[in-house]
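Residue numbers (our numbering), protein chains in the order written: chain U, 4 to 248; chain R, 27 to 343.
All C-beta atoms in this analysis are idealised placements derived from N, C-alpha and C, irrespective of residue type, glycine included.
Remember, it's a predicted structure, so these values are computed and weren't measured experimentally.
The structure appears right after this line, and notes come after that.
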Amino acid sequence: MSAVAYTRFETIRAFRNKRFFLFSLVFPLVLYFVITGPNKGETNLSGTGLSAAEYFMASMASFGTMTAMLGTGARIAGERSVGWNRQLRLSPLSARAYLRAKVVIAYALAGLSLGLLYISGAIMGVRLPAGQWIEMTLLIAVGLIPFAALGVLLGHLLTVETIGPAIGGGTSLLALLSGTWFPIGQTGFLHTVAQGLPSYWLVQANRVALGGHAWGTTGWVVVAAWSVVLIALAARAFQRDTGRA
Amino acid sequence: MAFTTTPEVQSGIRLAGLVKTFKSPQGPVQAVRGVDIAIAPGETLALLGPNGAGKSTTIDMLLGLTQPDAGTVSLFGGTPEEAIADGRVGAMLQAGGLLRELSVRELIAMMASLYPRPLDVDEVLDLTGLTGTAQQRTEKLSGGQAQRVRFAVALVSNPDLLVLDEPTVAMDVEGRHAFWATMREFASRGKTIVFATHYLEEADDFADRVVLMARGRIVADGPPTEIKARVGSRTIRATLPHADVQELRVLPGVATAERRGDSVELRCSDSDAAIRALLAREPEASDIEISGAGLEEAFLQLTGDEQADDNPTEVPA
C-alpha cells in the first residue's frame, strides 16, 4: 500500500494536462521575458526599490504557483465527474492520505513553476544572497497555503465544466489586483484592496531582496486569516461531498 | 458490533434488518424495507430483481457508501470501513467513468498501489483481455473496453469480497461470456462474490445462491434450482386430442391444465405423481415432454406477487 505510488501517477496526470502546462509554466515564463526584457536597465521599478527583473520574477511566480495550486480543484472535479471519488473511497487510501497527496502534488507543480522563474530571473540578472532566495521561497510556500485549501474547496464545489473558467477568471482578477502585471502604489484604494488579498503577499515576497522583513504584521495576519477560513471551508466541502470525516 | 453469531458467519458477511428511505419531491421513498442476508466466505451470491427493487441501495449499504436508517452491516466481523481500510473489498460500481490522462495499464497500476496484496498488473490485464489495449489512454476506449477496465480495477485489488453492481450492462454477448469465465476463475480461489443483476440467466448460470428482491424486500433466497422449485413447477406436454382437460386438472400433482390444439399442457406441483396418473388414465398419450420452469417464470411469479403489496410508491433504481 503506497500513497507514494499514487502521488506519482497523479503527477503524471497533471503533466499530461495541457491547461497546467500553458497557464502555470509557459504563460508566466514568456510574459516574464517579454516584460522584463525591454526594462532590463530599470533598477527602481515604480519606486518599489526593486529592479524590473527582481519584481517580475516573484510576481510572475505568484501567477504560476497560484494556478498550479488551484489545479488541484480541476483534478478533484474531474475525478468527481466520473465517479472516481467513490472508487477511491472503496480503497484503503484514507481521506487524510488522499488530501495529502493532492496538496503534495500541488506544491510540487508550484515548485516547478517557481524554479523555472528563478532560473529565468538569474538569466535576466537577478543576484541575491542565498539566504534571500531561501526566505523568498519560504514566504511563497506559506503564501500558497490559502490556495492549496481553495483548490480543494473549488474541486468539491464546482463541476468539471465550470471549474476551468472559474480558475482562469479568478486568477486573472487576483493577479490584476495584486500587482502581478504592474506594481501597485503604496497608497490609495487599490492598495487597500490589494493588502487584503493573499495573492498580493505572494508578489510581495519579492521584497526580501530589499533586506529586512518582506511581509510585516499585516501580511502574516492576512495570509493566516485566509488560511484558517479556506481550510475550514475546504474541510466542510470535502466532508459534505464525500460523507466522511 | 456485538453479534452473538457463529464464527463462520462472523467471518463472512452479514446484513441485518437493513432499512433505507430516501426523500423525494413526491414524499419519502422506501428503497429498502428490511433486508437480512448472511453470506458465507467463498459463496457467490446474486442479488436479482427488476429495476427499483433496492439492489443498488443494498449494495451501497453493504459497502458503507450509504448509511442505513436502521440495521447493521458486518463484513468479516467488522464494519465496511474497516474491511475497506484492510483492502479486503473490491468493487465495480454501476455507471462510473474512468480517470483520464492515464493509460489503461497506468490506471490499473495506480489502483493496485493502494492495496496491501494486489494481483500482478500484467496478470490482470491478461485475465480481463486488456493486454492489447494496455497502452491506450482511458479516454479513447469503447464502452465495452471501459467496462473491462473497471472490472480489472476491481480485480487487481485481490479482494476477499468482490462486489459487482450490474457488471455486464454495457457488454456484448462475447464480452459477457469472457467476463463470467474470468469470474469463475476468480471464485475458484475461494473469494466471496456478490453481484446485482437483472439478467436471470446470469444469476442462474453463475450464482451458488440467488436472493430475489422486489420493492425493497427479499422475496426468495436460495440456490437457483430451489427458487425455480418454489414456483413450482414442471410442465408436462403431451399430444392427447380427445382428453377432457377438466378431468386432467384434478389428477394428483397437477396444478393447472390447458388445451393447446391437439395437445394438453399440465403445470404440476409434483410432476412424478402427475405423469404416473396421466399415463394410467390416458395410455395413448404421445410426444410426452416434461420441462422445468425457467428462472424467468419464477422471477415473474415471485416478484409479481409483491405488486399487490401495501406501498405502491415507485422506487428509483
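Contact between leucine 124 of chain R and valine 175 of chain R holds: their C-beta atoms lie close to 6 Å from each other, under 8 Å. Counted as a single uninterrupted DSSP element, the stretch harbouring methionine 118 of chain R is not any alpha helix (DSSP H) but the beta strand (DSSP E) occupying residues 115–118.
In terms of beta-carbon proximity, glycine 158 of chain U stays away from the interface with chain R, with every pair separated by 8 Å or more.
CA-to-CA, the gap between asparagine 20 of chain U and glutamate 127 of chain R works out to about 7 Å. Residues of the region 81–92 of chain U with a Cβ closer than 9 Å to any Cβ of chain R, in chain order: Gly81, Glu82, Ser84, Val85, Gly86, Trp87, Arg89, Gln90, Leu91, Arg92. Residues of chain U whose Cβ lies closer than 9 Å to the Cβ of aspartate 146 of chain R do not exist; the shortest such Cβ separation is about 15 Å.
By the rule that beta-carbons nearer than 8 Å mark a contact, glutamate 132 of chain R touches chain U. Cβ-Cβ distances below 6 Å link aspartate 247 of chain R to Val237 in the same chain, with the five nearest sequence neighbours on each side left out; the list follows chain order. In its chain, beyond the 5 residues on either side, Pro149, Pro201 have a beta carbon closer than 6 Å to the beta carbon of tryptophan 229 of chain U. Bridge partners of serine 289 of chain R according to DSSP: R:Thr265, R:Arg286. Rounded to the nearest whole angstrom, the CA to CA distance from alanine 100 of chain U to leucine 140 of chain R is 11 Å. Under DSSP, isoleucine 219 of chain R shares a beta bridge with R:Thr70, R:Leu188. For methionine 60 of chain U, the three-state secondary structure derived from DSSP is helix.
Judged by beta-carbon spacing, threonine 70 of chain U lies beyond the 8 Å limit of threonine 140 of chain U, meaning their Cβ atoms are not closer than that value. Per DSSP, the continuous beta strand (DSSP E) segment holding serine 312 of chain R begins and ends at 312–318.
Taking each of R:Arg302, R:Asp313, R:Ala306 in turn and checking the Cα distance to valine 290 of chain R, the smallest one comes out for R:Asp313. When secondary structure is reduced to three states using DSSP, leucine 156 of chain R falls in the coil class, being assigned neither helix nor strand. In the three-state DSSP reduction, phenylalanine 48 of chain R falls in the strand class (E or B). Inter-segment contact for the region 151–167 of chain R and the region 103–118 of chain U is absent: fewer than three beta-carbon pairs are separated by less than 8 Å. Sequence-distant Cβ neighbours of alanine 109 of chain U in its own chain, meaning closer than 7 Å and more than five residues away, are Ala71, Met72, Gly74, Thr75, Ala151, Gly154. Nearest C-alpha to glycine 146 of chain U among U:Gly124, U:Ser94, U:His159, U:Phe66: U:Phe66. Contact annotation: the region 300–319 of chain R touches the region 277–290 of chain R, with at least three C-beta pairs closer than 8 Å. Chain-order list of chain U residues neighbouring glycine 123 of chain R: Ser84, Val85, Gly86, Trp87, by C-beta distance under 9 Å. DSSP places isoleucine 187 of chain U in the coil class of the three-state scheme, outside both helix and strand. Threonine 162 of chain U: not part of any alpha helix (DSSP H); DSSP gives it neither H nor E. A Cβ-Cβ distance of about 5 Å is found for the pair glycine 90 of chain R and glutamate 107 of chain R, placing them in contact under the 8 Å criterion. Identification of residues in the region 234–248 of chain U having a C-beta nearer than 7 Å to some C-beta of chain R yields an empty set. Contacts with chain R (Cβ-Cβ distance below 9 Å) from the region 198–213 of chain U involve no residue at all.
At least one C-beta of chain R is nearer than 8 Å to the C-beta of alanine 8 of chain U. In this structure, U:Gln198 is the residue among U:Gln198, U:Gln135, U:Leu34 with its C-alpha nearest to the C-alpha of threonine 190 of chain U.
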